[in-house]
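Same order as they appear, the protein sequences are chains A, B, C and D. Just so you know, we're using the working numbering here: the first sequence kicks off at 34 and counts up by one. Just so you know, we're using the working numbering here: the second sequence kicks off at 34 and counts up by one. Just so you know, we're using the working numbering here: the third sequence kicks off at 34 and counts up by one. Just so you know, we're using the working numbering here: the fourth sequence kicks off at 34 and counts up by one. Structure first, commentary second.
4 protein chains.
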Amino acid sequence: MNITLEQAEKIIVAAKAKSIEINTKMNIAVVDSGANLVAFARMDGAWLGSLDISIKKAKTSRFFDMNTGVIGELSQPGGALYNIEHSNNGLITFPGGVPLKDANGNVIGAVGVSGSSVENDHTVAEAGANAI
Amino acid sequence: MNITLEQAEKIIVAAKAKSIEINTKMNIAVVDSGANLVAFARMDGAWLGSLDISIKKAKTSRFFDMNTGVIGELSQPGGALYNIEHSNNGLITFPGGVPLKDANGNVIGAVGVSGSSVENDHTVAEAGANAI
Amino acid sequence: MNITLEQAEKIIVAAKAKSIEINTKMNIAVVDSGANLVAFARMDGAWLGSLDISIKKAKTSRFFDMNTGVIGELSQPGGALYNIEHSNNGLITFPGGVPLKDANGNVIGAVGVSGSSVENDHTVAEAGANAI
Amino acid sequence: MNITLEQAEKIIVAAKAKSIEINTKMNIAVVDSGANLVAFARMDGAWLGSLDISIKKAKTSRFFDMNTGVIGELSQPGGALYNIEHSNNGLITFPGGVPLKDANGNVIGAVGVSGSSVENDHTVAEAGANAI
Chain A
34 MNITLEQAEK
44 IIVAAKAKSI
54 EINTKMNIAV
64 VDSGANLVAF
74 ARMDGAWLGS
84 LDISIKKAKT
94 SRFFDMNTGV
104 IGELSQPGGA
114 LYNIEHSNNG
124 LITFPGGVPL
134 KDANGNVIGA
144 VGVSGSSVEN
154 DHTVAEAGAN
164 AI
Chain B
34 MNITLEQAEK
44 IIVAAKAKSI
54 EINTKMNIAV
64 VDSGANLVAF
74 ARMDGAWLGS
84 LDISIKKAKT
94 SRFFDMNTGV
104 IGELSQPGGA
114 LYNIEHSNNG
124 LITFPGGVPL
134 KDANGNVIGA
144 VGVSGSSVEN
154 DHTVAEAGAN
164 AI
Chain C
34 MNITLEQAEK
44 IIVAAKAKSI
54 EINTKMNIAV
64 VDSGANLVAF
74 ARMDGAWLGS
84 LDISIKKAKT
94 SRFFDMNTGV
104 IGELSQPGGA
114 LYNIEHSNNG
124 LITFPGGVPL
134 KDANGNVIGA
144 VGVSGSSVEN
154 DHTVAEAGAN
164 AI
Chain D
34 MNITLEQAEK
44 IIVAAKAKSI
54 EINTKMNIAV
64 VDSGANLVAF
74 ARMDGAWLGS
84 LDISIKKAKT
94 SRFFDMNTGV
104 IGELSQPGGA
114 LYNIEHSNNG
124 LITFPGGVPL
134 KDANGNVIGA
144 VGVSGSSVEN
154 DHTVAEAGAN
164 AI
């Protein structure tokens, strides 16, 4: 019930390919079921600030076993989870983090992508997640 | 005027029972009157990100001797305590943290619960607090 | 151009007296011109979470040589200093922090108070500041 | 493709001159292409709290190769990058940070300025950036 490095590297390859296809430069992070980093790639010329954001997106997605953007809908002023970002050494709650599941639907990790619009980030994360 | 481990463990037992009753999986944290952790349980399959949130809810509740949700009403934009979450290494100000009192009404600690909707979190925290 | 411990202790005495007069229990912190703590008192029964807030209010006030509440008006969503609270290891930008000045108007430190409503916090901080 | 200390010092000189011209007292920070500090100056009497803000503005600008104020437009409640400030040990997303480019348009670092209104901060940062 945990991702292997081989799987994580497949995700990185697929995410890089999608990123190139849509003409972006991404930071791509894969964490395991314990929310610890397994593999990471920063494409040449990708934003330096997206390094930490991609890792935080992957962690946030595994922390709650959902897409990061779902949490962001609840963390707004007046929302049920307002300012949840202060937990866990800083969450990132906009799109770009996606859980990874095995054939039985168990969460085995998560992938986080940052470096373009949040729509593109999510597209690339999905492409990575679909590689396994 | 401080909670004992025996009391904290009773709270955990009661909170787990209520959590099962309402079909949730919770992180449950009990802190003493110094806001330091006494007992903790993460139910199998509960969100990993709720670990830190449950502890922060318990601490936040003891820090101000009130339910965490009360603080969240004041920390919104335009509110009297806007962005108070930046203090004390990160507060969690939505429901799920409840103070613990002795027979004389003195605060002896607090319980924090995270893992479901904030309504369910609060329900389980209350069940725990009522066990002593 | 820096506060002495003797002055800081006078501020604590005056702030405690005002706090008792208005029936509150306060945390009171005095920092010097370098924003470092000089004296501190937590009145019996005062909120534990206000310890850090009182110190952060004193620091924030010295950091910008103004009352903390002024900054909070600018740090709201849409404001010029939105999310400035993320700087300096966490600012507190609601009322209760007041700069301390010498006879020539030079800032020699600041006092921060937390433990009641922000109006009461500010009242007690002012009483402290007026003691020197 | 990285700023030299000589260039950074020219930026500091130009920013100080502009700051004096518009009657302000600034903290001025220059980071390299790795977002690490190269040169810094705090003008006598400038806000102490602006020290950290100027450095965070420079880092934030290099992290995303854009003016800091652009990010702040997207990090508001409801915005695409809501609460991005929680990443990278704290971003500052209001104006005053500007990327530095070489003759070919490559980003070689960034300058961050803090100590007055955000308009003045940006004006001084621009003056610094134009010195190389």
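The beta-carbon is built from N, C-alpha and C at its ideal position, and this holds for glycine as well.
Can you give me the Cβ contacts of threonine 37(D) inside the same chain, cut-off strictly under 6 angstroms, excluding the 5 residues immediately before and after it?
none
Do phenylalanine 127(D) and glycine 161(D) have their beta-carbon atoms positioned less than 7 angstroms apart in this structure?
no
According to the Cβ coordinates, are valine 157(A) and methionine 59(A) closer than 7 angstroms?
yes
Strand pairing of lysine 134(A), partner residues [DSSP]:
Val140(A)
Proximal chain A residues relative to phenylalanine 127(D), where beta-carbon distance stays under 7 angstroms
Near phenylalanine 127(D) there are no residues of chain A at all, since even the closest Cβ is about 16 angstroms away, more than 7 angstroms.
Any idea what DSSP makes of alanine 91(C), helix, strand or coil?
helix
Report the residues of the stretch 83-97 of chain C with a CB closer than 7 angstroms to any CB of chain B, ordered along the chain.
Asp85, Ile86 and Lys89
Which chain D residues are close to proline 110(A), counting only those with a beta carbon under 7 angstroms from its beta carbon?
Pro110
Around the C-beta of glutamate 159(C), are 16 or more other C-beta atoms found within 10 angstroms, so that it is buried, or is it exposed?
buried
Under 7 angstroms by beta carbon: chain A residues contacting asparagine 4(D):
Because chain D here runs from 34 to 165, residue 4(D) falls outside it and cannot be looked at.
Please classify serine 167(D): does DSSP put it in a helix, a strand, or coil?
Past the boundaries of the shown model lies residue 167(D); chain D is included only from 34 to 165, so the question cannot be answered.
With contact counted as at least three CB pairs below 8 angstroms, one residue from each stretch, are the stretch 50-57 of chain B and the stretch 119-135 of chain A in contact?
no
Between leucine 70(A) and chain D, is any beta-carbon pair separated by less than 7 angstroms?
no
With DSSP run on the structure shown, which of helix, strand or coil describes aspartate 65(A)?
strand
Chain C contact for alanine 113(B) (CB, 7 angstroms cutoff)
yes
Beta-ladder partner(s) of phenylalanine 73(D), from DSSP:
Ala62(D)
In its own chain, which residues sit with a C-beta less than 6 angstroms from the C-beta of alanine 72(B), not counting the 5 before and 5 after it?
Ala41, Glu42, Ile45 and Val63
Proximal residues of chain C, C-beta to C-beta of asparagine 121(B) below 7 angstroms
Gly82 and Asp85
Chain C partners of valine 151(D), CB-CB under 8 angstroms?
Ala113 and Leu114
Within the 7 angstroms Cβ cut-off, does glutamate 106(B) reach chain A?
no
Contact set for glycine 78(B): own chain, Cβ-Cβ below 6 angstroms, skip 5 residues either direction
Lys58
Using the beta-carbon of each residue, which ones in chain F are nearer than 8 angstroms to glutamate 118(B)?
The question asks about chain F, but that chain is absent: this structure's protein chains are A, B, C and D.
Quick one: Cα of isoleucine 125(D) to Cα of isoleucine 86(D), how far?
7 angstroms
Chain-ordered neighbours of leucine 124(D) on chain C, where CB pairs are closer than 9 angstroms:
Asn116 and His119
Check each candidate in Gly123(B), Met99(B), Trp80(B) and Gly130(B) and name the one with the smallest Cα separation from glycine 138(B).
Met99(B)
Tell me whether glycine 161(B) sits in a helix, a strand or coil according to DSSP, three-state version.
helix
For asparagine 69(C), count neighbouring Cβ atoms within 10 angstroms of its own Cβ and tell me buried if that reaches 16, exposed if not.
exposed
Counterpart residues of valine 146(C) in DSSP-defined beta bridges
Ile61(C)
Would you kindly report the start and end of the unbroken alpha helix (DSSP H) that includes isoleucine 104(D)?
101-107
Report the option in Ser66(D), Ile88(D) and Asp65(D) whose CA atom is closest to the CA atom of arginine 75(D).
Ile88(D)
Kindly indicate which three-state DSSP category alanine 79(A) falls into: helix, strand or coil?
coil
Under 7 angstroms Cβ to Cβ from isoleucine 165(C), same chain only, skipping five residues before and after it: list those, please.
Gln40, Lys43, Ile44 and Leu133
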